[in-house]
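One structure is given below, encoded as structure tokens.
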Amino acid sequence: MARVLIGNDWDENLGKHADGAIWWVNHFVWFARNHDVLVLPEAPEEEFLQYVTAHTGVDRETLTVVVPPRESSSSAGMLTGEQISDPQLAVEVLAALDGRPVDEVFAMWPHTSVAVLADRLRARSALPGYAFVDQGGGAVVTSKAVFRAAAAGAGAPLPEGAVCADLRAAEEAVTRLIERGHSAMVKLEYGAGGGGNEVLSPVDGMRPVGARRTVRLTDRAAVRRHLTENWSWLTDDGAHLLVVERYFNDSRAYYAEFSIEDEEVVFGGIGELMHAPRYLAEVTPPELDAELQAALIAGGRKVCAPLHAMGYRGRLSADAIITPDRQVLFTEWNGRITSSTHAYDVLGEVVVGPGYTKDRVLLTNVWPRGWATPSFEAMRDAIAGAGLAYDPATRTGVIVVSGYNRERRGATYCTVAADLDDAWEVNERLGELFIPA
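All you need for the working numbering is the position in the sequence shown, starting with 1, plus 16.
Encoded structure:
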């Protein structure tokens, strides 16, 4: 028996993805188990594979990496639907399986091409929610517009807002908020990482947390002018809907992630999503009291309910904000392997150990601006040389999470510590290692 892991990160038909996709796909290696076949856009560095499997206890020699045929089209180092659907890829995966039956097809993103590959591998039953994926369900579990309708219908608390199919509806929704002195967040239906969001505010100095910028608009005429000038960008040239929601200054962002299975919805983990203003880091578990944790998990379960009924099977992250007055309001869903999944499910449960949330915190960072290292090996060795590498005996230290990103000259990492203050202190020490003199 074997699993087939598919490292696809996006549906290129839904719009442009954030840059550096291959850097993110590297995280998928952490999910590998003995005898798995990994389908990736390019082969990870062997040093990185050895590093990951040393932490997870997987036998590296039992893993096979399959890269799609080079003549297939690609998109910025991503594994595309065309590549996954290529009949030659199925031939190569079957060769890697060497007659072993597939007991699970596990993809990062539920693209229709994953169902095509599962069919060619004679493994429809091994792909959870095959019928849903086969009929284009991946777009549903990523859409911010579908989220608002489904979550509202399920009784999950949402920020005031609207889903807008045309400019007039968007003008009305934004103006309604601004005339009452509130700020509005406008969101591309399929934007990612805050890059598809803008804050429209009637006041100066509003910090755009989780968005690319703030635009000051004080009346309907200004709102109409801004939306008219930017409508093509906001809707991907009219292909998608626009989401408008009230923006709460000084709120903080969190996730509650679940596994939607046939019989039940299983809680996975919760954490805080930090932005400055775009996505910067995650803290697992978050520093929340029991009441707020319970509200986050309970609301997340409501968000999952419609997708469970629709036949989606897989990971679902219900993202939320907690306002200064302690409202827990849900803002979107992501039906996929997210930037959080490997943190709580592998780094936490497998590497640090079950029960890690009781006495450890995981601070997962993207590569900070200004830091630089020439290679994965150089980063790994510098961390170890400074005595900061993760130590299984103390259950503390730094784990390099991704392979090397040539453009950013670094990699993502996770600091495991007894508390968040200690984690940030280690983070400062890392800065001393990687900021060029």
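The beta-carbon is built from N, C-alpha and C at its ideal position, and this holds for glycine as well.
In whole angstroms, give me the CA-to-CA distance for residue i and residue j.
i, j, result
"Glu-343", "Ala-155", "Per the sequence shown, the amino acid found at residue 343 is Gln instead of Glu. Approximately 29 Å, taken between the alpha carbons."
"Thr-69", "Asp-52", "12 Å"
"Asp-27", "Thr-431", "31 Å"
"Asp-278", "Tyr-146", "12 Å"
"Thr-339", "Gln-309", "14 Å"
"Val-367", "Gly-254", "45 Å"
"Val-82", "Asp-25", "16 Å"
"Thr-96", "Thr-234", "43 Å"
"Ala-34", "Thr-158", "Note that Ala-34 has pLDDT 49, beneath the 50 cutoff, so the model's placement of it is unreliable and the number below is only indicative. Roughly 15 Å between the two C-alpha positions."
"Trp-349", "Phe-122", "19 Å"
"Val-107", "Leu-363", "33 Å"
"Ala-238", "Arg-184", "13 Å"
"Val-219", "Asp-375", "42 Å"
"Ser-356", "Thr-380", "9 Å"
"Val-414", "Trp-46", "15 Å"
"His-242", "Gly-211", "18 Å"
"Thr-244", "Val-162", "24 Å"
"Gly-419", "Arg-76", "16 Å"
"Leu-446", "Val-225", "25 Å"
"Ala-427", "Lys-203", "28 Å"
"Val-416", "Leu-304", "27 Å"
"Ala-208", "Ala-227", "10 Å"
"Thr-191", "His-291", "26 Å"
"Ala-59", "Ala-306", "43 Å"
"Leu-296", "Leu-289", "8 Å"
"Gly-287", "Phe-44", "19 Å"
"Met-94", "Ile-353", "15 Å"
"Trp-440", "Leu-65", "27 Å"
"Glu-187", "Asn-246", "12 Å"
For residue i, collect the residues of the same chain with a Cβ closer than 6 Å to its Cβ; drop the 5 residues on either side in sequence, then sort them by chain order.
i, result
"Pro-175", "Glu-261, Arg-262 and Leu-345"
"Leu-30", "Tyr-206"
"Arg-136", "Ala-106"
"Thr-454", "Any property of residue 454 remains undetermined from this structure, which presents the chain solely from 17 to 453."
"Gly-9", "Outside the modelled stretch of the chain, which goes from 17 to 453, sits residue 9, for which no answer is possible."
"Arg-164", "Val-179"
"Arg-140", "Ala-134 and Tyr-146"
With H, G and I counted as helix, E and B as strand and the rest as coil, what does DSSP make of residue i?
i, result
"Tyr-372", "helix"
"Ile-415", "strand"
"Met-201", "strand"
"Gly-212", "coil"
"Asn-24", "coil"
"Tyr-146", "helix"
"Thr-80", "strand"
"Met-124", "coil"
"Ala-398", "helix"
"Tyr-206", "coil"
"Arg-49", "coil"
"Gly-426", "strand"
"Val-132", "helix"
"Ser-391", "coil"
"Val-74", "coil"
"Asp-58", "Note on residue identity: the sequence assigns Glu, not Asp, to residue 58. Note: Glu-58 maps to coil in three-state DSSP."
"Leu-378", "strand"
"Thr-191", "helix"
"Arg-19", "strand"
"Ile-286", "strand"
"Thr-69", "helix"
"Asp-407", "strand"
"Ala-106", "helix"
"Arg-119", "Going by the sequence as given, residue 119 is Asp instead of Arg. Looking at Asp-119 - three-state DSSP - the assignment turns out to be strand."
"Leu-442", "Per the sequence shown, the amino acid found at residue 442 is Val instead of Leu. In the structure shown, Val-442 sits in a helix (DSSP, three-state: H, G or I)."
"Val-156", "helix"
Excluding the 5 residues preceding and the 5 following residue i in the sequence, name in chain order all residues of the same chain whose CB lies nearer than 7 Å to its CB.
i, result
"Met-222", "Ser-199, Val-215, Thr-230 and Asn-265"
"Pro-144", "Arg-329 and Gly-330"
"Gly-319", "The question names Gly, but residue 319 in the sequence shown is Val. Same-chain partners within the cutoff: Ala-167, Ala-170, Ala-172, Ala-334, Phe-346 and Trp-349."
"Arg-281", "It should be noted that the sequence gives Val, not Arg, for residue 281. Result list for Val-281: Phe-274, Arg-317, Cys-320 and His-324, in chain order."
"Arg-149", "The sequence shown places Val at residue 149, not Arg. Excluding positions up to five away in sequence, the list reads Pro-126, Thr-128, Val-130, Ala-131 and Leu-143."
"Gln-104", "Pro-85"
For residue i, which residues of its own chain have a beta-carbon under 8 Å away from its beta-carbon, when the five flanking residues on both sides are left out?
i, result
"Glu-48", "Position check: residue 48 holds Ala in this sequence, whereas Glu was assumed. Excluding sequence neighbours, Ala-48 sits near Leu-21, Leu-54, Val-68, Thr-69, Thr-72, Val-74 and Leu-79."
"Ser-217", "Ile-194, Ser-199, Ala-200, Thr-230, Val-231, Arg-232, Leu-233 and Tyr-263"
"Ala-18", "His-51, Asp-52, Val-53, Leu-113, Arg-116, Pro-117, Val-118 and Asp-119"
"Asn-443", "Leu-379, Asn-381 and Thr-431"
"Ala-336", "Ala-269, Tyr-270, Tyr-271, Ala-272, Leu-312, Gly-315, Gly-316, Val-344, Leu-345, Phe-346 and Thr-347"
"Leu-436", "Val-299, Glu-303, Val-377 and Leu-379"
Checking contacts by CB at 8 Å: is residue i closer than that to chain C?
i, result
"Glu-393", "Among the chains of the structure shown, chain C does not appear; only one protein chain is present."
Worksheet entry | Sequence ranges, beta strand (DSSP E) only - wholly within the region 159-187, length at least 3 | 177-180
Discussion item. Give the list of continuous alpha helix (DSSP H) stretches no shorter than 4 residues that lie fully inside the region 224-280.
Written reply: 236-250
Worksheet item: With contact counted as at least three CB pairs below 8 Å, one residue from each stretch, are the region 265-275 and the region 309-327 in contact?
Response: yes
Item to complete: Could you pull out every unbroken alpha helix (DSSP H) segment of at least 4 residues lying fully inside the region 296-357, listed in chain order?
Response: 306-326
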